[in-house]
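> Below are the structure tokens for one structure; questions will follow.
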Amino acid sequence: MSDYIKEIRYRLDFNSVLNSSRDESTMQKLKSLLSIVIFAIVLITEARSQKGPCKLLGQGRNVLLPNPRNCSTYFKCLANGQEVLQSCRPGQAFDAATLTCSSPEKANCQLLSSRSSSSSSSSLLTARPTTMTTTTTTTTTAVVATEDDPQVECPEQTSPEENVLLANPRDCRSFFHCSYGRPHLQLCPLGLHFNGRKASCDWVHKAKCRVVDSTTPTPTTRPLQRRL
Numbered sequence: 003m004s005d006y007i008k009e010i011r012y013r014l015d016f017n018s019v020l021n022s023s024r025d026e027s028t029m030q031k032l033k034s035l036l037s038i039v040i041f042a043i044v045l046i047t048e049a050r051s052q053k054g055p056c057k058l059l060g061q062g063r064n065v066l067l068p069n070p071r072n073c074s075t076y077f078k079c080l081a082n083g084q085e086v087l088q089s090c091r092p093g094q095a096f097d098a099a100t101l102t103c104s105s106p107e108k109a110n111c112q113l114l115s116s117r118s119s120s121s122s123s124s125s126l127l128t129a130r131p132t133t134m135t136t137t138t139t140t141t142t143t144a145v146v147a148t149e150d151d152p153q154v155e156c157p158e159q160t161s162p163e164e165n166v167l168l169a170n171p172r173d174c175r176s177f178f179h180c181s182y183g184r185p186h187l188q189l190c191p192l193g194l195h196f197n198g199r200k201a202s203c204d205w206v207h208k209a210k211c212r213v214v215d216s217t218t219p220t221p222t223t224r225p226l227q228r229r230l
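What follows is the structure, given as structure tokens:
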């Protein structure tokens with residue numbers, strides 16, 4: 003293990019071999035192999051000591067090590083033994099073979115499985131670039147209800163400012179929005195029920211919604227009008 007650590011400390015002068023290789027496929031294989039070796043060393047040293055990967059290297063020259071839990075970051079081990087976590091540019095990953103940040107496809111980064119991070123036989127997962135999108139919506143796509151539904155009767159409306167909302171007697175998670183006398187079925191956000199008293203979606207315990215049995219005739223829901 004000490005021999006491997008020494009090789010990392012001096013940046014594994016293996017880069018000179020990579021740069022001098024004329025066979026591109028051979029160079030890629032060597033880079034992949036080198037990346038796996040470096041990641042294995044980092045994982046083993048981190049598992050054996052509750053300290054960071056830089057602690058076992060001791061003091062000496064500045065060394066860059068991959069972060070087995072985040073491909074977009076890496077450790078900079080300073081000569082005095084201190085450990086500094088640094089980040090690559092957005093969309094890039096740390097390449098353990100070249101000790102630089104590059105595209106995720108070229109970096110061939112490996113991630114430590116969080117499920118088995120506490121054991122020394124932790125499995126390695128190939129990192130894949132992911133895209134996270136956060137979307138906030140306040141309304142859902144309306145679906146026109148059937149006209150022959152006897153439990154949905156919208157009042158006549160002469161102005162678009164009249165916002166008439168009707169509870170859906172068959173589903174607490176949805177409601178009807180009346181527009182010019184026509185009902186449109188809409189859904190409450192996930193986890194909410196329609197509150198007929200407030201004419202809005204609300205928490206379940208506050209809405210106190212009850213679903214009516216379809217076999218039992220019920221009176222038409224009373225419309226609640228609100229101005230937008």
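With the numbering used here, letter number 138 in the sequence shown gets 140, and the count goes up by one each step, no holes.
Ideal placement from N, C-alpha and C gives every residue a C-beta, glycine not left out.
The structure displayed is predicted, hence computed values, not measured ones.
1) Return the first residue and the last residue of the beta strand (DSSP E) that V166 is part of.
2) Does DSSP put S124 in a helix, in a strand, or in coil?
3) Return the chain-ordered list of same chain residues with a C-beta closer than 8 Å to the C-beta of C211, the five sequence neighbours on each side being excluded.
4) Alpha carbon to alpha carbon, what distance is there between D97 and K108?
5) Is S116 helix, strand or coil by DSSP?
6) State the start and end residues of the unbroken beta strand (DSSP E) segment that holds V65.
7) Shortest alpha-carbon distance to V214 belongs to which of Y182, H186, R172, F177?
8) Between the C-alpha atoms of P191 and C203, what's the straight-line distance to the nearest angstrom?
9) For H179, write down the residues that DSSP places opposite it in a beta bridge.
10) With DSSP run on the structure shown, which of helix, strand or coil describes F16?
This is what the structure holds:
1) Residue 166 sits at position 164 when you count from the first residue of the sequence shown. Residues 164-169.
2) Translated into the one-based positions of the sequence shown, residue 124 becomes position 122. Here S124 scores only 37 on pLDDT, less than 50, and its place in the model is too uncertain to base an answer on.
3) Numbered from 1 along the sequence shown, position 209 holds the residue referred to as residue 211. Cβ neighbours of C211 beyond the five flanking positions: A169, C174, H195, F196, N197, G198.
4) In the sequence shown, the residue the question calls residue 108 occupies position 106. In the sequence shown, the residue the question calls residue 97 occupies position 95. Taking the straight line joining both Cα atoms gives about 7 Å.
5) As a first step, residue 116 must be located in the sequence shown, where it is residue number 114. The predicted position of S116 is uncertain, since its pLDDT is 42 and thus under 50; no value can be drawn from it.
6) As a first step, residue 65 is located in the sequence shown; it is residue number 63 there, counting from the start. Element bounds for V65: 65-68.
7) Locating residue 214 in the sequence shown gives position 212, where the first residue counts as 1. For the residues Y182, H186, R172, F177, the minimum Cα distance to V214 belongs to R172.
8) Taking the sequence shown and counting its residues from 1, the one referred to as residue 191 is at position 189. Taking the sequence shown and counting its residues from 1, the one referred to as residue 203 is at position 201. For P191 and C203, the distance between alpha carbons rounds to 8 Å.
9) Locating residue 179 in the sequence shown gives position 177, where the first residue counts as 1. Paired residues: L167, H186.
10) What you label residue 16 is simply residue 14 of the sequence shown in a count that begins at 1. Bear in mind that the predicted position of F16 carries a pLDDT of just 47, short of 50, making it too unreliable to give a figure here.
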